[in-house]
Amino acid sequence: MWKRVFIILVLAAAVVAIASAQTTKPQFEFKLYEIHETSYPTTQGDIEFARLVNVGTQGRVHITVYDNGQLGSDEKAIVEQTQMGAMDFARISLAPLAQFVPALNVLTLPYIYRDGDHMWKVLSGPIGQKLLASVDKANLVGLCYYDAGARSFYNSKKEIKSVADLRGMKIRVQQAKLPMDMVTALGGSPTPMATGDVYSALQTHVIDGAENNWPSYISFSHFEVAKYYTVDGHTRVPEVLVASKIVLSKLTKADQDVVMKSATASVEYQKALWAKSDKDSEAKAKAAGCIITYLSPATIAEFQKAVQPMYAGYSDFADLIAQIQAVQ
Ligand code: BDP
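Offset between the sequence shown (1-based) and my numbering: plus 95.
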C-alpha cells in the first residue's frame with residue numbers, strides 16, 4: 096500500500112516538474128532591433144521591456160535585444176523589415192517611422208513644443224496615444240515612446256551663432272522629408288543619410304555637419320570629428336518602440352496585453368536614464384574640448400521664425416498642430 100502511494104507521489108512530482116519546465120521554456124524567441132550601444136538609455140529601456148515581458152508571460156515570450164546596430168544601421172530599412180515580419184520588435188526614431196505614417200510628422204516639427212514637459216504631456220495624452228495606435232495602418236503595433244531630448248546642430252567648420260551662419264552648410268539629416276525641409280528653410284543644404292554612415296562622412300568632409308541630441312553626439316563619437324555644437328534645440332524627435340503586427344498576432348490576447356503593459360511600464364525607467372545621460376553627455380562634450388555655443392532667446396526666436404513657413408506644408412494637419420500647441 097505505502098509502496099503504491101510512494102510511486103504515485105513520485106509520478107505526481109514528475110508531472111509537476113515537466114509542466115513547470117514547459118512554462119519556463121520559451122514558446123516564442125523574438126529579436127528586438129536597436130542602433131545604440133548597451134548603456135544608452137533607449138537600449139536600457141528595451142532591456143527592461145524585454146525583462147518585463149519575460150516575467151509577465153511566465154517565460155513564454157523571450158525577447159533578445161540586438162543593440163549597437165548589429166542588425167543594420169539604416170532605421171528606414173528596419174521599419175520595412177518589421178512591417179513584413181522579418182524583424183519582430185524595433186526601437187527606432189520617429190522621423191524614419193513618419194515616412195510610413197504621415198500624421199506622425201507633426202510630432203517632429205521644429206519648435207512645436209515649448210519644452211520637454213510639453214512634449215511628454217502630448218505624447219502620454221490622447222493625441223500622442225492616438226498617433227501611436229495609428230501605426231497600425233503601416234502593419235506595425237506602436238508600443239510606447241521613449242525620450243530623445245532635443246536635437247541641435249554640430250559641425251566641423253565653425254561656430255554657428257545665428258541662422259546666417261548655417262548658410263550653404265552641408266548638413267546630414269535623418270532619412271525623412273521634414274528635416275530636409277527644415278535645413279533648407281534655415282539656408283543649409285540637407286543630406287539625408289543612414290545613421291551608421293555619419294561618422295565617416297563627417298571625418299572625410301563629405302558633409303560639414305549633422306544634428307542630434309547630446310547623448311547621440313557623444314555615443315556615436317561625432318564629437319571627435321565635429322567639435323562645434325550649437326544648442327539651438329530645433330526639434331524633439333521622440334523614439335518609438337514598435338512590434339511587427341504579423342509577429343504580435345501569433346501571441347494570445349493575454350500575452351499581447353503583457354507586451355503592451357510592459358512597454359508602458361518601461362517608459363519612466365527610460366526617461367530617468369535619459370535625463371542623466373543628457374546632462375552627463377553635455378559635460379563629456381565640454382571635458383573633451385568641444386566648442387559649445389549657447390544661443391540667446393532672441394537668436395532662438397530667429398531660428399523659430401526661419402522655420403515657420405514649413406508649417407504651411409503640413410496644412411492637412413493644421414487642427415492637430417493647433418491641438419498640440421494648446422496642450423498645457
Ligand atoms: C538618434 C536616435 C536614433 C537615430 C539617430 C539618427 O536615437 O534612433 O538613428 O538619432 O539621427 O538620436 O539617425
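Note that CB positions come from ideal geometry on N, CA and C, so glycine has one too.
Handout entry: Own chain residues within Cβ distance below 6 Å of Ser376, not counting five before or after
Key = Residue numbering aside, residue 376 sits at position 281 when the sequence shown is read from its first letter. Hits under 6 Å: Trp309, Pro310 and Ile313.
Handout entry: Alpha-carbon to alpha-carbon, Lys272 and Ala193
Key = In the sequence shown, the residue the question calls residue 193 occupies position 98. In the sequence shown, the residue the question calls residue 272 occupies position 177. Cα-Cα distance, rounded: 9 Å.
Practice task
Kindly examine ligand 1 and report whether one of its heavy atoms sits closer than 7 Å to the Cβ of Ile130.
Solution key: As a position in the sequence shown, residue 130 is number 35, starting the count at 1. Answer for Ile130: yes, Cβ within range of ligand 1.
Exercise for the section: Could you say which of Glu132, Met275 and Glu124 lies nearest to Ser316 if we only look at CA atoms? Expected result: Within the sequence shown, numbered from 1, the residue matching residue 316 stands at position 221. If we check each option's Cα against that of Ser316, Glu132 comes out closest.
Exercise for the section: Go through its chain and collect everything with a Cβ distance to Gly167's Cβ below 7 Å, but skip five positions before and after it. Expected result: The count along the sequence shown starts at 1 and reaches residue 167 at position 72. Excluding positions up to five away in sequence, the list reads Ile173.
Problem - Of the residues Asp303, Asp141 and Lys340, the one placed nearest Glu254, counting alpha carbons only - result: As a first step, residue 254 is located in the sequence shown; it is residue number 159 there, counting from the start. For Glu254, the nearest C-alpha among the options comes from Asp303.
Exercise for the section: Just the C-alpha distance for Ser229 and Ala383, rounded to the nearest angstrom, thanks. Expected result: On the sequence shown, position 134 is the one that residue 229 refers to. On the sequence shown, position 288 is the one that residue 383 refers to. For Ser229 and Ala383, the distance between alpha carbons rounds to 42 Å.
Problem - Entirely enclosed alpha helix (DSSP H) segments - the segment 276-355, minimum 4 residues - result: Fully enclosed alpha helix (DSSP H) runs of 4 or longer: 293-298, 309-314 and 340-343.
Problem - Entirely enclosed alpha helix (DSSP H) segments - the segment 199-279, minimum 4 residues - result: For the segment 199-279, the full-length alpha helix (DSSP H) segments reaching 4 residues or more read 211-219 and 221-228 along the chain.
Practice task
Whole angstroms is fine: what's the gap from Pro136's alpha carbon to Thr286's?
Solution key: Residue mapping note: residue 136 aligns to position 41 of the sequence shown, counting from 1. Residue mapping note: residue 286 aligns to position 191 of the sequence shown, counting from 1. Rounded to the nearest angstrom, the two C-alpha atoms are 27 Å apart.
Handout entry: Any non-hydrogen atom of ligand 2 within 7 Å of Glu170 CB
Key = Ligand 2 is not part of the structure shown, which contains ligand 1 as its ligands.
Problem - Closest residue to His157 among Ile187, Phe125 and Thr279 (Cα-Cα distance) - result: Looking up residue 157 in the sequence shown gives position 62. The shortest Cα separation from His157 among Ile187, Phe125 and Thr279 belongs to Phe125.
Exercise for the section: Give the DSSP-derived three-state secondary structure of Gln117 in the structure shown. Expected result: Taking the sequence shown and counting its residues from 1, one reaches residue 117 at position 22. Since pLDDT at Gln117 reaches only 45, below the 50 mark, its modelled position is unreliable, and no value is offered.
Exercise for the section: In the DSSP assignment, find the alpha helix (DSSP H) that holds Ala401 and state where it starts and stops. Expected result: Here residue 401 corresponds to residue number 306 of the sequence shown, with the count starting at 1. Note, Ala401: alpha helix (DSSP H), Pro392 to Val402.
Handout entry: Alpha-carbon to alpha-carbon, Asp162 and Asn149
Key = Sequence index remark: in the sequence shown, residue 149 carries index 54 (1-based). Sequence index remark: in the sequence shown, residue 162 carries index 67 (1-based). Asn149 and Asp162 have their alpha carbons spaced roughly 18 Å apart.
Practice task
For Met405, I'd like the list of residues in its chain whose CB is within less than 6 Å of its CB, leaving aside the five on either flank, ordered along the chain.
Solution key: If you number the sequence shown from 1, residue 405 lands on position 310. Within the same chain, Met405 has close Cβ partners Asp276 and Ala280.
Problem - Minimum C-alpha distance to Ala198 - residue among Leu226, Leu238, Ala396 and Gln122 - result: Against the sequence shown, residue 198 aligns to sequence position 103. Measuring from the Cα of Ala198, the nearest candidate turns out to be Leu226.
Exercise for the section: Compute every distance between the C-beta of Gln269 and the non-hydrogen atoms of ligand 1, then say whether any falls below 7 Å. Expected result: What you label residue 269 is simply residue 174 of the sequence shown in a count that begins at 1. The answer is yes for Gln269.
Exercise for the section: Have a look at Lys120 and Met182 and give me their C-alpha separation to the nearest angstrom. Expected result: Looking up residue 120 in the sequence shown gives position 25. Looking up residue 182 in the sequence shown gives position 87. Cα to Cα, Lys120 sits roughly 22 Å from Met182.
Handout entry: Cβ-based neighbour list, Leu368, same chain, cut-off 8 Å, excluding 5 preceding and 5 following
Key = Locating residue 368 in the sequence shown gives position 273, counting from the first residue. These residues qualify, in order along the chain: Pro136, Gln139 and Gly140.
Problem - Beta-carbon gap between Ile207 and Gln420 smaller than 8 Å - result: Position 112 of the sequence shown, counted from the first residue, corresponds to residue 207. Position 325 of the sequence shown, counted from the first residue, corresponds to residue 420. It is a contact, given that the beta carbons lie within the stated cut-off.
Handout entry: Spatial distance of Val258 from Lys348 (CA atoms)
Key = Translated into positions along the sequence shown, residue 258 becomes position 163. Translated into positions along the sequence shown, residue 348 becomes position 253. About 52 Å.
Problem - Beta-carbon proximity list for Glu363, same chain, < 8 Å, skipping 5 on both sides - result: For the purposes of this step, residue 363 is taken as the residue at position 268 of the sequence shown. Taken in chain order, the list of residues that qualify is empty.
Exercise for the section: Measure how close the beta-carbons of Leu238 and Ala358 come, nearest whole angstrom, since I'm counting them as under 8 Å. Expected result: For the purposes of this step, residue 238 is identified with residue 143 of the sequence shown, where counting begins at 1. For the purposes of this step, residue 358 is identified with residue 263 of the sequence shown, where counting begins at 1. About 4 Å separates the two Cβ atoms, so the contact holds.
Exercise for the section: With distances taken Cα to Cα, identify the nearest neighbour of Thr299 among Gly223, Val320, Ala289 and Ala305. Expected result: Counting from 1 along the sequence shown, the entry for residue 299 is found at position 204. Among Gly223, Val320, Ala289 and Ala305, the Cα nearest to that of Thr299 is on Val320.
Exercise for the section: Assign Pro205 to buried or exposed, taking buried as 16 or more other Cβ atoms, counted over all protein chains shown, within 10 Å of its Cβ. Expected result: The sequence position of residue 205 within the sequence shown is 110, counting from 1. That one is buried.
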